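Residue numbers (the UniProt record's numbering), protein chains in the order written: chain A, 1 to 259; chain B, 1 to 259.
Positions of the beta carbon are idealized from the N, C-alpha and C atoms, including for glycine.
Remember, predicted model here, so these are calculated numbers, not experimental data.
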DNA sequence: CCCAAACCGTGTACGTCGTATACTCAGGTG
DNA sequence: CACCTGAGTATACGACGTACACGGTTTGGG
């Protein structure tokens, strides 16, 4: 029996929150807080102590209010996380980006990566749906603008964008997991190296992994695994964009040959 | 002051759990449970009600024991999740895979995808480090074997494997988020379409998104977004492997020209 | 001008979670 | 046999998200 039509607590209200278009209500006292203040407090907490430290209680405590008062501004923790995600994404700075699609997309990917490196907790937020917030859409806008002069159709452009963000997120999550692997036990490096060594021993002793064992014997893991995450990231990015370039030249050739 | 040398509760013990090499202890009564039984019960729960339903209490309840007795077999919930991840990954069936690297890698990627589709909760487990379990290593073995006849060096092979699993995971997580977006509200489709429509209206009314607005006006979102996840998956996979192929032909050409 | 509606912030409470701690009791080993 | 080891239990603590009912303040409509 909620008031019909008006955005009750459905996803439409979440949209209003994301876009900062909540009509403030005409009656009653002016609130001392605001959605932005709540989100900022939560982000400060996440920056300082990680996403796991972000609880409704602790956010409220950092704002000197009661836990439940947060629910006047935010429907629940899931929505708060969505708001944090969009706020933390920020807006891409396309000023220095080149005009060619490949250079621009490389900048896009690297800038997204720096966002995730500055705020690793963004990668821990479970994405709850397609991008709806203005900041996430701004990144989409930048990506689509970067491809404006390519021979890709709309579906391909979006797919490529999703593929790129997927790659950035994957690499970021891998970096994160490596850090977590260290933080799990107190003294990270030598203990972890010992575990890795024991694992390699098991691989060598087991006949289920002949190829892996051969690579191990050839020194595959002599350096710590994933020594340079940036190199992995760049290599994957290059591979991806090489694939796009191959598609474009193939298409241009076909266009010249067929029509 | 714990017994030195022997794996107390460190990550070395987790390795023993993953590989099923826990020495059972010589004194005392034989336990009615086992690590495998605990992991299987947890997996059954996750299969039936999702990862969120997997709590130590509910796993214990399904085994007709008290909560704390689980800690005799598993150090904690994080490790239990790691065990679930490796167990759910299973072993790749490489019987029908072709000999050429591209076909084999395509099979690898698709088979990984079906694993995630059968057990979507695997994607919700936060990965805590490099793959250490025998099943995950079996997938790695299969991937390395698929590339045995390529001109890629070891580092490139591993990178490509990581890139592939990253792609599979990304697409799986996207599928999952789409399902969750529906489950968040009761009646999914039309309500969600309404939200999407409103978002598009905002995009059109806002001058920050000219390119996006143009694509929208050209009918970009007339069909529901991400209509065919498999198509997205396959396109991304093809792009990736095209990139690899370009690298290989480039390298072969250079080899013919330079040496 | 005044009352009632709207709304902010609070206090309390419930059910759930992971797990630390201290215990009882059965079973194999010296 | 005595004994120690280890399985399973009972209890408890602190934290979590959030439903609910309540006072206090502001403002619009009559």
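For residue 195 of chain B, would you say it is in contact with chain A, using Cβ-to-Cβ distances shorter than 8 Å as the test? Position 195 of the second chain, counted from the first residue, corresponds to residue 195 of chain B. At a cut-off of 8 Å, the C-beta of residue 195 of chain B has a neighbouring C-beta in chain A.
Per DSSP, what kind of secondary structure is residue 209 of chain A in: helix, strand or coil? Along the first chain, one-based indexing puts residue 209 of chain A at 209. DSSP places residue 209 of chain A outside both helix and strand once states are collapsed to three, so it counts as coil.
Select from B:245, B:21 and B:23 the residue whose C-alpha is nearest the C-alpha of residue 100 of chain B. As a working note, residue 100 of chain B is residue 100 in the second chain. It is B:245 whose Cα lies nearest to the Cα of residue 100 of chain B.
Whole runs of the alpha helix (DSSP H) within the segment 128 to 211 of chain A, excluding any shorter than 4 residues: Within the segment 128 to 211 of chain A, complete alpha helix (DSSP H) segments of at least 4 residues are found at 134 to 146, 154 to 184 and 189 to 205, given in chain order.
Please report how far the alpha carbon of residue 122 of chain A lies from the alpha carbon of residue 176 of chain B, in whole angstroms. Counting from 1 along the first chain, the entry for residue 122 of chain A is found at position 122. Counting from 1 along the second chain, the entry for residue 176 of chain B is found at position 176. One C-alpha to the other measures close to 18 Å.
Three-state secondary structure (DSSP) of residue 218 of chain B: Here residue 218 of chain B corresponds to residue number 218 of the second chain, with the count starting at 1. In the structure shown, residue 218 of chain B falls within a coil segment according to DSSP collapsed to helix, strand and coil.
Kindly indicate which three-state DSSP category residue 33 of chain B falls into: helix, strand or coil? Here residue 33 of chain B corresponds to residue number 33 of the second chain, with the count starting at 1. In this structure, residue 33 of chain B counts as coil in the three-state DSSP scheme.
Buried or exposed: residue 148 of chain A, going by 16 or more other Cβ atoms within 10 Å of its Cβ? Walking along the first chain from the start, residue 148 of chain A turns up at place 148. Here residue 148 of chain A is exposed. Its C-beta has fewer than 16 other C-beta atoms within 10 Å.
How many Å lie between residue 141 of chain B and residue 207 of chain A at the Cα? Along the second chain, one-based indexing puts residue 141 of chain B at 141. Along the first chain, one-based indexing puts residue 207 of chain A at 207. Inter-residue distance for residue 141 of chain B and residue 207 of chain A is about 11 Å (C-alpha atoms, whole angstroms).
Give me the chain B residues within the contact set of residue 19 of chain A, using Cβ-Cβ distance strictly less than 8 Å, ordered along the chain. What you label residue 19 of chain A is simply residue 19 of the first chain in a count that begins at 1. Near residue 19 of chain A (Cβ distances below 8 Å), the residues of chain B are 202.
DSSP-derived helix/strand/coil call for residue 120 of chain B: Stepping through the second chain from its first residue, residue 120 of chain B is reached at position 120. The DSSP-derived three-state label of residue 120 of chain B is helix.
Roughly how many angstroms lie between the CA atoms of residue 28 of chain B and residue 86 of chain B, to the nearest whole one? As a first step, residue 28 of chain B must be located in the second chain, where it is residue number 28. As a first step, residue 86 of chain B must be located in the second chain, where it is residue number 86. So the alpha carbons of these two residues sit roughly 30 Å apart.
Under 8 Å, Cβ to Cβ, is there at least one residue of chain B near residue 1 of chain A? As a first step, residue 1 of chain A must be located in the first chain, where it is residue number 1. Unreliable positioning characterises residue 1 of chain A in this predicted model, as indicated by a pLDDT of 30, which lies under 50. The coordinate reading is nonetheless provided below. Chain B contact via Cβ: absent.
Run down chain B in chain order and give the residues with a C-beta less than 9 Å from the C-beta of residue 107 of chain A. Here residue 107 of chain A refers to the residue found at position 107 when the first chain is read from its first residue. What residue 107 of chain A touches in chain B, judged by beta-carbon distance under 9 Å, is nothing: the nearest beta carbon there is about 16 Å away.
Can you tell which of A:32, A:204, A:73 and A:249 has the C-alpha that lies nearest to the C-alpha of residue 218 of chain A? Counting from one through the first chain, the residue named residue 218 of chain A turns up at place 218. The residue with the shortest Cα to Cα distance from residue 218 of chain A is A:204.
Contacts of residue 137 of chain A in chain B (Cβ-Cβ under 7 Å): As a first step, residue 137 of chain A is located in the first chain; it is residue number 137 there, counting from the start. Here the neighbours are 203, 209 and 212.
What residues in the segment 117 to 134 of chain A have a beta carbon less than 8 Å from any beta carbon of chain B? Answer in chain order: 124, 126, 127, 128, 129, 130, 132 and 134.
Under the three-state reduction of DSSP, which class applies to residue 72 of chain B: helix, strand or coil? For the purposes of this step, residue 72 of chain B is taken as residue 72 along the second chain, with counting starting at 1. The answer is helix: DSSP assigns residue 72 of chain B an H, G or I state.
So what does DSSP say about residue 55 of chain A, is it helix, strand or coil? Translated into positions along the first chain, residue 55 of chain A becomes position 55. Residue 55 of chain A falls in the coil class under three-state DSSP.
Let me see if you follow: with CB-CB separation under 8 Å, is residue 181 of chain A close to chain B or not? Taking the first residue of the first chain as position 1, residue 181 of chain A is located at position 181. Using a Cβ-Cβ cut-off of 8 Å, residue 181 of chain A counts as an interface residue toward chain B, since at least one Cβ of chain B sits closer than that to its own.
Contact belief for residue 70 of chain A with residue 239 of chain B at Cβ below 8 Å, rounded distance in angstroms: For the purposes of this step, residue 70 of chain A is taken as the residue at position 70 of the first chain. For the purposes of this step, residue 239 of chain B is taken as the residue at position 239 of the second chain. With 8 Å as the limit, residue 70 of chain A and residue 239 of chain B do not qualify as a contact, their Cβ atoms being about 43 Å apart.
Cutting at 7 Å between CB atoms, please list the residues of its own chain near residue 150 of chain A, excluding the five before and the five after it. Stepping through the first chain from its first residue, residue 150 of chain A is reached at position 150. The residues 101 and 248, in chain order, have a CB closer than 7 Å to that of residue 150 of chain A in the same chain once the five nearest residues on each side in sequence are set aside.
The alpha helix (DSSP H) spanning residue 79 of chain A covers which residue range? Indexing the first chain from 1 puts residue 79 of chain A at position 79. Here the alpha helix (DSSP H) through residue 79 of chain A covers 77 to 89.
Hey, does residue 154 of chain B have any beta-carbon neighbour from chain A nearer than 8 Å? One-based indexing of the second chain puts residue 154 of chain B at position 154. Yes, residue 154 of chain B lies at the interface with chain A (some Cβ there is under 8 Å from its Cβ).
Can you pull the chain B residues whose beta carbon is under 9 Å from the beta carbon of residue 335 of chain A, in chain order? For residue 335 of chain A there is no data in the structure shown, the boundaries of chain A being 1 and 259.
Can you give me the start and stop residues for the alpha helix (DSSP H) that residue 63 of chain B sits inside? Against the second chain, residue 63 of chain B aligns to sequence position 63. That residue, residue 63 of chain B, is in no alpha helix (DSSP H); it is neither H nor E in DSSP.
Do we get a CB-CB distance below 8 Å when we pair residue 259 of chain A with the residues of chain B? In the first chain, the residue the question calls residue 259 of chain A occupies position 259. Only weak support is given to the placement of residue 259 of chain A: the predicted model assigns it a pLDDT of 46, under 50, and the value that follows is read from those uncertain coordinates. No, residue 259 of chain A lies away from the interface with chain B (no Cβ there is under 8 Å from its Cβ).
Buried or exposed for residue 95 of chain A, please, with buried defined as at least 16 other CB atoms from any protein chain shown within 10 angstroms of its CB. The count along the first chain starts at 1 and reaches residue 95 of chain A at position 95. Residue 95 of chain A counts as exposed, since fewer than 16 other beta carbons sit within 10 angstroms of its beta carbon.
Continuous alpha helix (DSSP H) stretch holding residue 11 of chain A: start and end: Sequence index remark: in the first chain, residue 11 of chain A carries index 11 (1-based). Segment 11 to 19, the alpha helix (DSSP H) holding residue 11 of chain A.
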